[in-house]
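A.B. asks: Sharing a structure here in structure tokens format.
What follows is the structure in structure tokens.
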């Protein structure tokens with residue numbers, strides 16, 4: 001993709017809640033509440049994290065770029081910030097919530113009425129330094145896909161022993177954890 | 001999961017067509033018809049491969065186990081066998097077809113009326129040797145998840161450059177290809 005096409009970005013972002021809903025809603029807890037071992041997340045946690053990122057990351061950071069440019073760094077993102085999102089909730093509630101906040105955020109994104117030149121506007125990431133709005137919005141997509149990739153891996157992990165000798169052929173079982181929590 | 005629970009297996013297998021439908025149907029070709037480079041598959045190919053496996057792998061092999069045990073090896077699975085499935089078809093047609101054949105195959109699986117002891121029945125894999133029905137059915141799940149994991153990675157690959165410095169944080173961009181075609 002030579003240039004960032006905002007419609008392509010939105011088309012993918014708009015599908016993630018329905019994708020997770022189709023995969024996870026009413027799936028037995030043996031799938032959704034088991035993780036990959038100590039200090040790893042289960043699928044329930046991942047959905048909580050996605051909600052937290054909707055509130056604390058993408059749109060707030062896009063606004064920072066549009067309002068302040070590089071004059072003021074983004075708030076650091078708290079990778080454990082979803083703890084309060086998930087407390088006392090069911091997975092169905094989290095899936096509903098993710099769908100709602102994503103839809104609201106895409107409305108906000110469309111309301112920015114961004115033009116191609118706006119995508120090149122810059123902001124200041126607390127660790128990465130200067131970044132563009134285009135990079136931020138592409139990362140929103142990449143973050144969804146990182147966590148869909150992670151959820152596939154978490155679910156497959158539950159059958160790691162059960163598949164027996166076929167484990168050699170199943171790529172998802174040979175994927176080591178990658179980014180810090182994904 | 002200490003013992004293979006067939007209901008858990010079916011609960012996941014039943015969700016894959018809707019998951020891929022939510023993610024891929026009407027998604028622009030810039031996402032679905034781009035791959036990860038030479039000799040790799042795009043998402044369209046992966047759905048074709050999943051259909052081919054429905055026809056040639058899971059249920060036919062389960063029947064081989066139930067009818068012949070270890071007396072007769074499974075047909076080798078052709079990883080390029082989906083070429084004729086995808087020819088001249090649209091992604092929407094493939095998604096419809098996958099949904100239909102998966103649903104038919106789960107009906108067949110239920111009609112086997114398998115009991116726990118049946119899951120321990122053995123068959124002969126042409127390369128792996130002796131395998132159980134339990135392992136075959138768990139691998140059906142692991143295969144779905146391998147390809148959902150792969151599709152997430154193929155899609156994310158399209159924004160590999162676009163995310164800029166955030167690539168360091170996105171696990172899906174650090175996943176090398178694993179099994180031969182996944």
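Protein chains in written order, with my numbering: chain C, 1 to 182; chain U, 1 to 182. Virtual Cβ for every residue (Gly too), placed ideally from N, Cα, C. Quick caveat: nothing in here was measured; it's all calculated off a predicted structure.
So is residue 6 (chain C) in contact with chain U if we call contact Cβ pairs under 9 angstroms?
C.D. replies: Along the first chain, read from residue 1 onward, the residue named residue 6 (chain C) stands at position 6. No - not a single Cβ of chain U is within 9 angstroms of the one on residue 6 (chain C).
A.B. asks: Rounded C-beta distance between residue 16 (chain C) and residue 91 (chain C)? I'm assuming under 8 angstroms.
C.D. replies: Walking along the first chain from the start, residue 16 (chain C) turns up at place 16. Walking along the first chain from the start, residue 91 (chain C) turns up at place 91. With a Cβ gap of about 15 angstroms, residue 16 (chain C) and residue 91 (chain C) do not count as contacting.
A.B. asks: Taking 9 angstroms as the threshold (beta carbon to beta carbon), is residue 58 (chain C) in contact with chain U?
C.D. replies: Position 58 of the first chain holds residue 58 (chain C). Chain U, which has no Cβ nearer than 9 angstroms to the Cβ of residue 58 (chain C), makes this no.
A.B. asks: How about residue 105 (chain C) and residue 59 (chain C): do their beta carbons lie closer than 9 angstroms?
C.D. replies: Translated into positions along the first chain, residue 105 (chain C) becomes position 105. Translated into positions along the first chain, residue 59 (chain C) becomes position 59. Yes, these two residues count as a Cβ contact at 9 angstroms.
A.B. asks: Taking any Cβ of chain U, which residues in the segment 131-147 of chain C have a Cβ under 9 angstroms from it, in chain order?
C.D. replies: Listed by position, the residues of the segment 131-147 of chain C near chain U (Cβ gap below 9 angstroms) are 131, 132, 134, 135, 136, 137, 138, 139, 141, 142, 143, 144, 145, 146, 147.
A.B. asks: Is residue 146 (chain C) near residue 173 (chain U), with beta carbons less than 9 angstroms apart?
C.D. replies: By one-based count along the first chain, residue 146 (chain C) stands at place 146. By one-based count along the second chain, residue 173 (chain U) stands at place 173. Yes, these two residues count as a Cβ contact at 9 angstroms.
A.B. asks: Do the CB positions of residue 131 (chain U) and residue 166 (chain C) come within less than 9 angstroms of each other?
C.D. replies: The sequence position of residue 131 (chain U) within the second chain is 131, counting from 1. The sequence position of residue 166 (chain C) within the first chain is 166, counting from 1. Cβ atoms of residue 131 (chain U) and residue 166 (chain C): closer than 9 angstroms.
A.B. asks: Go ahead and label residue 74 (chain U) buried or exposed: buried means 16 or more other beta carbons lie within 10 angstroms of its beta carbon, across all protein chains shown.
C.D. replies: Here residue 74 (chain U) refers to the residue found at position 74 when the second chain is read from its first residue. So residue 74 (chain U) ends up on the buried side.
A.B. asks: What did DSSP end up calling residue 131 (chain U) once you bin it into helix, strand or coil?
C.D. replies: The sequence position of residue 131 (chain U) within the second chain is 131, counting from 1. If DSSP states are grouped into helix, strand and coil, residue 131 (chain U) belongs with the strands.
A.B. asks: Where does residue 102 (chain C) fall in DSSP's three states?
C.D. replies: Here residue 102 (chain C) corresponds to residue number 102 of the first chain, with the count starting at 1. Correct three-state label for residue 102 (chain C): helix.
A.B. asks: Compute every distance between the C-beta of residue 175 (chain U) and the non-hydrogen atoms of the ligand ZN, then say whether any falls below 8 angstroms.
C.D. replies: By its list of ligands, the structure shown contains no ligand whatsoever, and the ligand ZN lies outside what it can speak to.
A.B. asks: Run through DSSP, which three-state label would residue 82 (chain U) get?
C.D. replies: Counting from 1 along the second chain, the entry for residue 82 (chain U) is found at position 82. Residue 82 (chain U) falls in the coil class under three-state DSSP.
A.B. asks: Mind checking if residue 115 (chain U) is an interface residue toward chain C, Cβ cutoff 9 angstroms exclusive?
C.D. replies: Reading the second chain from its first residue, position 115 is the one you call residue 115 (chain U). By this cut-off, residue 115 (chain U) is not an interface position.
A.B. asks: So with Cβ pairs under 9 angstroms, would you call residue 95 (chain C) a contact of chain U?
C.D. replies: Sequence index remark: in the first chain, residue 95 (chain C) carries index 95 (1-based). Taking Cβ atoms only, chain U never reaches closer than 9 angstroms to residue 95 (chain C), which makes this a no.
A.B. asks: Does residue 121 (chain U) get closer than 9 angstroms to chain C when you measure Cβ to Cβ?
C.D. replies: Position 121 of the second chain, counting from 1, holds the residue named residue 121 (chain U). Answer no: the Cβ-Cβ gap between residue 121 (chain U) and chain C never drops below 9 angstroms.
A.B. asks: Whose C-alpha, out of C:163, C:171, C:152, is nearest the C-alpha of residue 36 (chain C)?
C.D. replies: Translated into positions along the first chain, residue 36 (chain C) becomes position 36. The residue with the shortest Cα to Cα distance from residue 36 (chain C) is C:152.
A.B. asks: Which residue or residues does DSSP assign as beta-bridge partners of residue 122 (chain C)?
C.D. replies: Position 122 of the first chain, counted from the first residue, corresponds to residue 122 (chain C). Paired residue(s): C:132.
A.B. asks: Since residue 97 (chain U) and residue 154 (chain U) should fall inside the 8 angstroms C-beta cutoff, what is the C-beta to C-beta distance between them, to a whole number of angstroms?
C.D. replies: Taking the first residue of the second chain as 1, we reach residue 97 (chain U) at position 97. Taking the first residue of the second chain as 1, we reach residue 154 (chain U) at position 154. The Cβ separation is near 20 angstroms, so there is no contact.
A.B. asks: Which residue from C:27, C:62, C:12, C:89 puts its Cα closest to that of residue 72 (chain C)?
C.D. replies: Position 72 of the first chain, counted from the first residue, corresponds to residue 72 (chain C). Checked all of C:27, C:62, C:12, C:89; the closest Cα to residue 72 (chain C) is C:62.
A.B. asks: Rounded to the nearest angstrom, how far is the Cβ of residue 22 (chain C) from that of residue 30 (chain U), given a contact under 8 angstroms?
C.D. replies: Here residue 22 (chain C) corresponds to residue number 22 of the first chain, with the count starting at 1. Here residue 30 (chain U) corresponds to residue number 30 of the second chain, with the count starting at 1. That pair is no contact at about 23 angstroms.
A.B. asks: Short check: CB of residue 9 (chain C) to CB of residue 163 (chain C), under 9 angstroms?
C.D. replies: Sequence index remark: in the first chain, residue 9 (chain C) carries index 9 (1-based). Sequence index remark: in the first chain, residue 163 (chain C) carries index 163 (1-based). Result no, Cβ atoms of residue 9 (chain C) and residue 163 (chain C) do not sit closer than 9 angstroms.
A.B. asks: What are the start and end residues of each continuous alpha helix (DSSP H) run of 4 or more residues lying completely inside the segment 25-56 of chain U, in chain order?
C.D. replies: List check, alpha helix (DSSP H) in window: 29-32, 43-56.
A.B. asks: List the endpoints of the continuous alpha helix (DSSP H) containing residue 89 (chain U).
C.D. replies: On the second chain, residue 89 (chain U) is found 89 positions in, with the first residue counted as 1. Premise fails: residue 89 (chain U) is in no alpha helix (DSSP H) and is neither H nor E.
A.B. asks: By Cβ distance below 7 angstroms, which residues in the same chain neighbour residue 182 (chain C) in space, the five residues on each side in sequence not counted?
C.D. replies: For the purposes of this step, residue 182 (chain C) is taken as residue 182 along the first chain, with counting starting at 1. Summary for residue 182 (chain C): the model assigns pLDDT 43, below 50, so the residue's position carries little reliability; its value from the coordinates is reported in the next sentence. Cβ neighbours of residue 182 (chain C) beyond the five flanking positions: 146, 147, 150.
A.B. asks: Output, in chain order, the set of chain U residues within a Cβ distance shorter than 7 angstroms of residue 15 (chain C).
C.D. replies: Position 15 of the first chain holds residue 15 (chain C). Within chain U, the residues near residue 15 (chain C) are 22, 23, 27.
A.B. asks: Exposed or buried, what is residue 138 (chain C) when buried is set at 16 or more other beta-carbons lying within 10 Å of its beta-carbon?
C.D. replies: For the purposes of this step, residue 138 (chain C) is taken as residue 138 along the first chain, with counting starting at 1. So residue 138 (chain C) counts as buried.
A.B. asks: Between the alpha carbons of residue 11 (chain C) and residue 133 (chain C), how many angstroms are there, rounded?
C.D. replies: In the first chain, counting from the first residue as 1, residue 11 (chain C) sits at position 11. In the first chain, counting from the first residue as 1, residue 133 (chain C) sits at position 133. If I take the Cα positions, the gap works out to 17 angstroms.
A.B. asks: Name the chain C residues whose beta carbon is nearer than 8 angstroms to that of residue 165 (chain U)?
C.D. replies: For the purposes of this step, residue 165 (chain U) is identified with residue 165 of the second chain, where counting begins at 1. Simply 125, 128, 129, 131, 135.
A.B. asks: Classify residue 83 (chain U): buried if its beta carbon has 16 or more other beta carbons within 10 angstroms, exposed otherwise.
C.D. replies: Translated into positions along the second chain, residue 83 (chain U) becomes position 83. Burial call: exposed.
A.B. asks: Could you please give me the residues that DSSP links to residue 73 (chain C) through a beta bridge?
C.D. replies: Stepping through the first chain from its first residue, residue 73 (chain C) is reached at position 73. The partner list for residue 73 (chain C) (beta bridge, DSSP) reads C:124.
A.B. asks: On the criterion of 16 or more Cβ atoms from any shown chain inside 10 Å, does residue 180 (chain U) qualify as buried, or is it exposed?
C.D. replies: As a position in the second chain, residue 180 (chain U) is number 180, starting the count at 1. Low confidence applies here, because residue 180 (chain U) scores a pLDDT of 48, under 50, leaving its location unreliable and the question unanswered by this model.
A.B. asks: Can you grab the Cα-Cα spacing for the pair residue 85 (chain U) / residue 48 (chain U), in whole Å?
C.D. replies: Residue mapping note: residue 85 (chain U) aligns to position 85 of the second chain, counting from 1. Residue mapping note: residue 48 (chain U) aligns to position 48 of the second chain, counting from 1. Answer to the nearest angstrom: the Cα atoms are 6 angstroms apart.
A.B. asks: Nearest to residue 34 (chain C) by CA position, among C:169, C:170, C:129, C:158, is which residue?
C.D. replies: The residue given as residue 34 (chain C) occupies position 34 in the first chain. Looking at the Cα atoms, C:158 is the closest of the given residues.
A.B. asks: I think residue 102 (chain U) touches residue 13 (chain U), with their Cβ atoms under 8 angstroms apart; what is that distance to the nearest whole Å?
C.D. replies: As a first step, residue 102 (chain U) must be located in the second chain, where it is residue number 102. As a first step, residue 13 (chain U) must be located in the second chain, where it is residue number 13. About 7 angstroms; that satisfies the 8 angstroms criterion.
A.B. asks: Please confirm if residue 171 (chain C) has its CB atom under 9 angstroms from at least one CB of chain U.
C.D. replies: The residue labelled residue 171 (chain C) in the question sits at position 171 within the first chain. Output row for residue 171 (chain C): interface = yes.
A.B. asks: Might you give, ordered along the chain, the residues of its own chain that have their beta carbon closer than 8 angstroms to the beta carbon of residue 168 (chain U), omitting 5 neighbours on each side?
C.D. replies: Mapped onto the second chain, residue 168 (chain U) falls at position 168. So no residue of the chain qualifies.
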